[in-house]
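The structure under discussion appears below in the form of C-alpha cells.
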Amino acid sequence: LKEAQELEVKLRLLALEEHNIKKKAEVEKERLRILEVKEAKKMADLEKKKKKKLAKKEADLELKRQRAEEKMAMAQEAQAEKEAKVEMKKLQKARQHAAALEAQRQAELMFKNLAGES
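With my numbering applied, the sequence shown closes on residue 177, and no number is skipped along the way.
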C-alpha cells in the first residue's frame, strides 16, 4: 500500500513536472513570437528610413539639376545680351559710317555745284 502511495505521489510529481514543462514551452514560444514581431518591426522601420533617405537624395538631386538649368539659362541670357550689345555697336558704327559717307557725298555735290557756278 505504501509503495502504491509512493508511486501515486511520483506519478503526480511527474504530471506536475510535465505540466510545468508544457507551460515553460508555451512561455518560450510566446517570447520567440514577440521577438520575431519586434525584429520584423525593426526591419520595416529600417526599410522606411532607407526609402525616406533615398527620396531626400532624389529631391536634392532634382533641386541641384533645376539650379544648374537656371544658371545655364542665366549664362545663356547674359551671353545673348553681350552679343546683342556687340551687334548694336556694329550697327551704330555702320550708321555713323553711312552718315559720314552721305555727308561727304553732300559736300562733294555742293563743291561741284559751287565749282560749276563760277
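Heads up, the beta-carbon is just placed ideally off N, CA and C, and yes, glycines get one too.
Predicted model only: the values in this text are computed from it and were never measured.
Quick one: residues in its chain with C-beta nearer than 6 Å to the C-beta of residue i, no 5 flanking neighbours on either side, listed in chain order?
{"i": "L66", "result": "none"}
According to DSSP, simplified to helix, strand and coil, what is residue i?
{"i": "L60", "result": "coil"}
What's the C-alpha gap between residue i and residue j?
{"i": "E161", "j": "K123", "result": "56 Å"}
{"i": "R71", "j": "E98", "result": "40 Å"}
{"i": "E146", "j": "A134", "result": "18 Å"}
{"i": "K83", "j": "E95", "result": "18 Å"}
{"i": "K81", "j": "A74", "result": "11 Å"}
{"i": "K112", "j": "L105", "result": "10 Å"}
Under 7 Å Cβ to Cβ from residue i, same chain only, skipping five residues before and after it: list those, please.
{"i": "L120", "result": "none"}
Looking at the C-beta of residue i, does it have a partner C-beta in chain B at a distance below 8 Å?
{"i": "E146", "result": "Among the chains of the structure shown, chain B does not appear; only one protein chain is present."}
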